[in-house]
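Below is one structure, written out as structure tokens, with a few remarks after it.
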Amino acid sequence: MMGQGTSKYRKVTRTPQTGENAGKKLWYATAVSDREMSFEDFVTHISEHNSPYSRGTIHGVLMDTLDCLKHLILDGKSVRFSDLGLFSIGMTSRGEATREKVTAASVLGVHLIVRNTKSWSNAELKKLTKIVAYDDYTSGADGGGEENTPGGGNTNPGTGETNKDNGGTSQGGGGTSQGTGGTDSGDTGNGDNVDF
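With UniProt numbering as the guide, the letters of the sequence shown map in order to residues 1 to 196.
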């Protein structure tokens, strides 16, 4: 069972390019990761939570899990990893004038797609976290700023669309890759798409 967490946000300005707010400079809250846990620290964290398994066993199982997950995904399979999500592969491609011109050379990139499940949905995650301003959390840092600047937080462009799960704004891929003209080939399942 997941416990209550603390999610931090920073205030940034963005100018949506589409929708009713197109061209308007607006302020948004964007998630801040204030620390990164290494794989080794994650393994230690698991082993210290009443696990009957040694740190070495946990490390080995996770490494084998990652290897198998990667192999299956690159083989074109979607893998449902318990309640964490559905893992699959996505492609970004260059647009071609005709169907016949689309070849493997049209593929510009391959990326991982994770669609979260009901227990990891935006609405469920919001219930399990306390949301605080990053500057409040760090005791007085000035935070905020323009997107893509130091202090600006997330570098993913927002769409300015409403997120029905939490009344906030949706920021992120939406299935397209900016600057390449390509689209993501993910399905239209009920989960939330996350591109890594």
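For glycine and all other residues, C-beta sits at the position ideal for the given N, C-alpha and C.
Reference residue i, options the options, closest by Cα
i	options	result
threonine 65	Thr98, Gly76, Tyr53, Phe81	Phe81
threonine 13	Asn21, Leu26, Thr6	Leu26
serine 33	Leu72, Thr98, Ser7	Ser7
leucine 72	Gly60, Leu86, Val61	Leu86
arginine 94	Leu84, Asp83, Val110	Val110
lysine 77	Lys126, Leu69, Leu84	Leu69
aspartate 41	Ala29, Ser121, His59, Thr30	His59
aspartate 135	Ala22, Lys24, Thr30	Thr30
Range of the contiguous alpha helix (DSSP H) that encloses residue i
i	result
leucine 125	122-127
Euclidean distance between Cα positions of residue i and residue j
i	j	result
lysine 11	valine 132	11 Å
valine 43	threonine 15	41 Å
tyrosine 9	serine 38	22 Å
alanine 123	valine 114	17 Å
alanine 104	aspartate 75	16 Å
leucine 62	lysine 101	41 Å
leucine 112	asparagine 50	32 Å
tryptophan 120	histidine 45	20 Å
leucine 125	glycine 23	31 Å
valine 79	threonine 57	23 Å
glutamine 17	tyrosine 28	15 Å
asparagine 21	proline 52	54 Å
Beta-carbon proximity of residue i to residue j, cut-off 8 Å
i	j	result
threonine 98	leucine 108	no
aspartate 83	threonine 117	yes
threonine 129	glycine 19	no
arginine 55	serine 47	yes
serine 88	glutamate 96	no
Cutoff 8 Å: residue i Cβ touching any chain B Cβ
i	result
threonine 57	The question asks about chain B, but that chain is absent: this structure has only one protein chain.
Length-filtered (3 minimum) beta strand (DSSP E) runs lying within the UniProt domain "HU" (11-118): List check, beta strand (DSSP E) in window: 26-32, 79-81, 85-93, 107-115.
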